[in-house]
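Beneath this line is the structure, given in structure tokens, with notes to follow.
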Amino acid sequence: MHPSTTSAAPSTTPQGASVISRELGVMLVDDEAAYLDLLQQLLGEQLACPVHSFTRSREALSALPGLNIGLIVTDYHMPGLDGLEFLQEVEKLRPGLPAVMITAHEIELTSGPAARLSCLRAVVRKPFKWTVLAEEISRYWTGSRPPFPFSR
């Protein structure tokens with residue numbers, strides 16, 4: 334069911350529903366629904382903030398203006414807009430919003446298209462332990478308090 338929202342006490346919002354949150358949250362974007370659901374569940378259980386997940390990058394872009402997002406986690410290889418194209422559009426809408434990319438591909442942050450994205454702070458290679466992603470989320474979190482109760 335996407336887009337959806339999960340908070341520290343998991344709850345979901347039906348597809349197509351408007352989600353507006355004042356609490357700073359994390360946006361997850363991955364076209365593989367089963368993988369996204371697992372990641373949302375893991376982070377939703379550990380984060381002290383809402384998790385907004387999307388299987389389509391264009392839907393995530395449409396929802397972004399109505400969400401209070403502290404960080405984006407996006408897959409690289411997706412239909413429509415890939416992760417880099419998605420982040421190019423994010424930079425136009427929300428300059429300075431940090432992002433972490435998850436991918437099975439080799440992405441170089443110091444050269445090529447990824448280097449031109451000021452929002453892309455880290456790349457986490459699949460497969461990974463969720464704690465690696467949690468560390469990157471905490472490192473680049475834009476809020477005054479980190480989303481993980483045990484971090485920093």
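According to this note's numbering, the sequence shown is numbered sequentially starting from 334. Glycine included, C-beta positions come from ideal geometry on N, C-alpha and C. Just so it is clear, the structure is predicted and the values come from calculations on it, not from any experiment.
Query raised in the report: Is DSSP giving A437 helix, strand or coil here?
Result: coil
**Report entry** Contacts around A447, its chain only, beta-carbon distance under 7 Å, and the 5 residues preceding and following it disregarded
**Finding:** L417, I440, E441, L453
Query raised in the report: Going by Cα to Cα distance, which pick from T475, M411, L466 is closest to E365?
Result: M411
Query raised in the report: In chain order, what residues of the same chain lie with their CB nearer than 7 Å to the CB of S390, ignoring the 5 residues before and after it?
Result: V362, M411, G413, L414, F419
Query raised in the report: DSSP state of E468, grouped into three classes?
Result: helix
Query raised in the report: Roughly how many angstroms lie between the CA atoms of K462 and I402, to the nearest whole one?
Result: 23 Å
Query - Which of helix, strand or coil DSSP assigns to L357 - result: coil
Query raised in the report: If you follow the alpha helix (DSSP H) that R454 is part of, which residue opens it and which one closes it?
Result: From DSSP, R454 is part of no alpha helix (DSSP H) but of the beta strand (DSSP E) over 453–458.
Query - Three-state secondary structure (DSSP) of F419 - result: helix
Query raised in the report: Taking the alpha-carbon positions, what's the R449 to E424 distance?
Result: 11 Å
**Report entry** Where S386 falls, given that 16 or more other Cβ within 10 Å makes a residue buried
**Finding:** buried
Query raised in the report: From S451 to L404, what does the alpha carbon distance come to, in whole angstroms?
Result: 13 Å
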